[in-house]
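Using my numbering, read the sequence shown as starting at 18 and increasing by one per residue.
These notes concern the structure reproduced below.
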Amino acid sequence: WSLFALRDRDGRVLEPGDPRRSRLIEEAWRGRLRELTRDGAKVVVIVTPPPAPPIECATKSSPPDSCESGEFSTSDPQTATARRLLRRAAAGFARDVAVVSVDDLACPDGGRCPVAVGGVLTRYDGIHYTTAFGTTVLRAVITRAQRSGIAFR
Numbered sequence: 018w019s020l021f022a023l024r025d026r027d028g029r030v031l032e033p034g035d036p037r038r039s040r041l042i043e044e045a046w047r048g049r050l051r052e053l054t055r056d057g058a059k060v061v062v063i064v065t066p067p068p069a070p071p072i073e074c075a076t077k078s079s080p081p082d083s084c085e086s087g088e089f090s091t092s093d094p095q096t097a098t099a100r101r102l103l104r105r106a107a108a109g110f111a112r113d114v115a116v117v118s119v120d121d122l123a124c125p126d127g128g129r130c131p132v133a134v135g136g137v138l139t140r141y142d143g144i145h146y147t148t149a150f151g152t153t154v155l156r157a158v159i160t161r162a163q164r165s166g167i168a169f170r
């Protein structure tokens, strides 16, 4: 949700890059993290990787030119902004919130996110992990969150 345009309470559409939109998103993150940690809970937030290219990029003998879009890399401006807002919002929660990145898994090619990694389809719709790849991601998230001080029972 933090990568897309949003509508404010007055009905105005705030596009990515709008400072007011950025403030609202950061405030929303802070509010939600405050709510979740209020009674002592610990929170693990997985940093959303950039979207993966569509499956056609791997299945077509002549993939569309859009498969090489910068949108599918960690240098995508919208992705970078969303991450910055999340990290700023989480910074005030010390060891109650772990912000975990899986970029090295989802985008291992110098920050470029391929359709498949090691022959495994990463995300079936460009956003949601496949079961096979999700297992790899989950293991990494647990390990990384533990390194950040979050204990699992």
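Glycine is no exception: its CB is placed at the ideal position from the N, C-alpha and C atoms.
One thing to note: Leu102 has its Cβ no nearer than 7 Å to the Cβ of Ser165. Straight through space, the alpha carbons of Phe89 and Thr96 are spaced by roughly 10 Å. When the Cα atoms are used, Phe150 and Ala123 turn out to be separated by approximately 9 Å. DSSP places Ala99 in the uninterrupted alpha helix (DSSP H) bounded by 94 to 107. In the structure shown, the three-state DSSP call for Val158 is helix. Residue environment: Ser19 is assigned as buried (16 or more neighbouring CB atoms within 10 Å of its CB, all protein chains considered). If you look at Ile42, you'll find it in the alpha helix (DSSP H) that goes 36 to 54.
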